[in-house]
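Numbering (our numbering), first residue to last: 5 to 222.
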Amino acid sequence: QFQTQLGDCVHQFLQMRHGLPVTGETLMTNYLSNVMFFAAYTQHDPCAPEVEAADDGIRRPNRIFGLTGTLGGKREREMLRDIYKVSVVDVPRFCERRFLDFGKRVCATRREWKYALSESVRNHMVRGGVVLILGETIESAKQISAHLEQTECGCAWLVPHVRSDNDMTAAKLGGTIGAGTVIVSTNLAGRGTDLALTTDVENSGGLHVIVAFLPANE
């Protein structure tokens with residue numbers, strides 16, 4: 005895994021084993037959990053606004069503010085309220101949401117799965133769009149790329165993006181993406197990657213995303 009540091013001198017042993025420069029071991033002298041860290045921002049401050057009393061009956065000022073786009077579920081909201089004693093509000097969108105769900109499709113065989121991918125890509129290439137395909141693993145993403153290269157799906161530019169530290173691929177995706185582009189990636193490699201589309205692509209339906217596997221979460 006990229007930028008992973010192994011503890012108990014295992015990292016330094018592997019560096020010596022492969023003839024690499026040996027880096028120093030990171031030693032932890034102090035530890036503070038997230039809960040205790042944020043609890044320090046609820047200590048009594050006469051100048052801060054008070055909130056409702058907690059379970060212990062003490063009214064503490066709320067000096068914790070933050071934004072998140074991944075903790076919107078009911079259980080996550082309850083966790084934030086119970087542990088950090090904070091309120092949760094929804095921030096309105098700054099622009100109109102133009103998301104269209106085409107529904108799910110479950111394929112019985114791998115051949116049917118590949119045909120469904122090619123068909124979906126071909127339909128959106130005709131409209132002048134851009135397609136992003138997310139594979140479950142790097143291997144599955146490579147298989148999808150190889151299949152599309154052998155299939156007449158109508159794409160003008162096929163971009164495999166299976167590693168977030170791939171400078172060449174990142175440079176390709178750094179500019180404005182035009183019609184006829186198909187990007188094959190994984191959830192991990194695609195995180196933090198901003199895809200800027202041309203105006204023509206936006207007017208033709210925007211980015212079409214295909215999740216080529218059944219996620220384990222909700």
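Cβ coordinates follow ideal geometry from the N, Cα and C atoms, glycine included.
Judged by their CB atoms, Q19 and T30 are not nearer to each other than the 8 Å cut-off.
DSSP, reduced to helix, strand and coil, places L201 within a strand of the structure shown. Within the same chain, V125, H128, V186 and H212 come within 6 Å of V135 by CB-CB distance, once the 5 residues on both sides are set aside.
Closest option to T180, judged by alpha-carbon separation, among E153, A112 and T203: T203. In this model, N38 and I68 are separated by some 13 Å (Cα to Cα). Spatial neighbours of T155 in its own chain (CB-CB distance under 6 Å, excluding positions within 5 residues in sequence) are listed in chain order as S122. Within the same chain, and ignoring the five residues on either side of L10 in sequence, the residues whose Cβ sits closer than 8 Å to its Cβ are L18.
A contact between stretches requires three or more CB pairs, one per stretch, nearer than 8 Å, and the stretch 143-154 meets this requirement with the stretch 102-122. Closest by C-alpha distance to S208, out of G184, L138 and I87, is G184. Per DSSP, reduced to three states, the secondary structure at S189 is strand.
When secondary structure is reduced to three states using DSSP, L121 falls in the helix class. Take the alpha-carbon of Y35 and the one of F42: they are about 14 Å apart.
Relative to E206, the option among G133, K89, V95 and D12 whose CA is nearest is G133. Taking C-alpha positions only, S91 is separated from E80 by approximately 12 Å.
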